[in-house]
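A short write-up of the structure that comes next.
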Amino acid sequence: KMWMAVIGGVIFITSGLAILVATAWYGNRIVQEFYDPMTPVNARYEFGQALFTGWAAASLCLLGGALLSCSCPRKTTSYPTPRP
Numbered sequence: 001k002m003w004m005a006v007i008g009g010v011i012f013i014t015s016g017l018a019i020l021v022a023t024a025w026y027g028n029r030i031v032q033e034f035y036d037p038m039t040p041v042n043a044r045y046e047f048g049q050a051l052f053t054g055w056a057a058a059s060l061c062l063l064g065g066a067l068l069s070c071s072c073p074r075k076t077t078s079y080p081t082p083r084p
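Take the sequence shown: its letters are residues 1 to 84, numbered as in full-length UniProt numbering.
Following this line, the structure appears as structure tokens:
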């Protein structure tokens, strides 16, 4: 059970990083094209809701994966059953 939670957390972190890379890459492309003097004014893109939603989703995936991975104890401590 513990390993499944850790694996799930790692998958969440991996998906969050993939989302973050994709949205940051596209955001960088938008900035480069926006400041390119050869791009016509009417063809320039700006940051939109989809980009901000992607950044929010990436941060939530990273946070959820970190919490899921860190919430599992490393070793289980077992205490002996007290006997009268």
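Where is the CB? At the ideal position from N, CA and C, for every residue including glycine.
(Q) Does the contact criterion of 3 or more C-beta pairs under 8 Å hold for the segment 58-73 versus the segment 6-22? (A) Taking 8 Å as the limit for Cβ pairs, the verdict is that the segment 6-22 does touch the segment 58-73.
Q | Given residue 7 as reference, the closest of 30, 67 and 83 once Cα atoms are compared | A | Residue 67 is the option with its Cα nearest to residue 7.
(Q) Do residue 26 and residue 51 have their beta-carbon atoms positioned less than 8 Å apart in this structure? (A) Yes, they are a contact pair.
Q) What three-state label does DSSP hand residue 38 in the structure shown? A) When secondary structure is reduced to three states using DSSP, residue 38 falls in the coil class, being assigned neither helix nor strand.
Q: Compute the Euclidean distance between the alpha carbons of residue 2 and residue 79, then round it to the nearest angstrom.
A: About 19 Å.
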